[in-house]
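Residue numbers (the numbering used here): 6 to 135.
No residue lacks a Cβ here, since even glycine has one placed at the ideal position from N, Cα and C.
Predicted model only: the values in this text are computed from it and were never measured.
Here's the structure we're looking at; comments come further down.
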């Protein structure tokens with residue numbers, strides 16, 4: 006399977022799998038903040054930042070502006086996450102972390118859970134993040 010980030014987006018736009026209002030997509034536009042995550046997902050009545058990538062690592066795929074946003078958010082106490090679609094067709098959910106605790110520290114990721122793309126739903130994501 007040729008895993009693409011757009012395949013994750015397509016699934017998350019399916020109202021059967023992600024009910025209307027459960028996902029907000031951040032689309033870059035003139036004047037918008039740089040580095041914002043791709044989506045905010047409602048989990049337990051709170052928005053959770055979720056970066057979408059492809060491959061085996063979310064952190065390795067982050068652009069510099071995205072790294073800065075996640076670092077700043079984590080330093081403010083915000084938990085941020087990433088979902089990556091592997092070549093095998095699995096969605097790997099990771100927590101993005103800043104173990105050094107400073108803006109100059111390097112981001113790391115810790116696997117939270119994984120599921121096949123056909124089982125990737127809002128319900129699964131909610132359970133994985135609880």
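Skipping 5 residues on each side, what residues in its chain have a beta carbon closer than 6 Å to that of residue 6? For residue 6, the predicted model reports a pLDDT of 44, less than 50, meaning its position is unreliable; a value from the coordinates is still stated below. These residues qualify, in order along the chain: 94.
Skipping 5 residues on each side, what residues in its chain have a beta carbon closer than 7 Å to that of residue 59? 8, 9, 10, 89 and 90
Which residues share a DSSP beta bridge with residue 123? Partner(s): none; residue 123 has no beta bridge.
Going by DSSP, what residues sit across from residue 116 in a beta bridge? 99
At least 3 beta-carbon pairs within less than 8 Å: the region 13 to 29 vs the region 118 to 130: yes
Does the region 70 to 83 come close enough to the region 101 to 114 to have 3 or more Cβ pairs within less than 8 Å? yes
Please name the residue or residues paired with residue 51 in a DSSP beta bridge. 48
Taking the alpha-carbon positions, what's the residue 117 to residue 31 distance? 23 Å
Bounding residues of the beta strand (DSSP E) (the contiguous stretch that carries residue 28): 28 to 30
What are the boundary residues of the beta strand (DSSP E) that includes residue 88? 85 to 90
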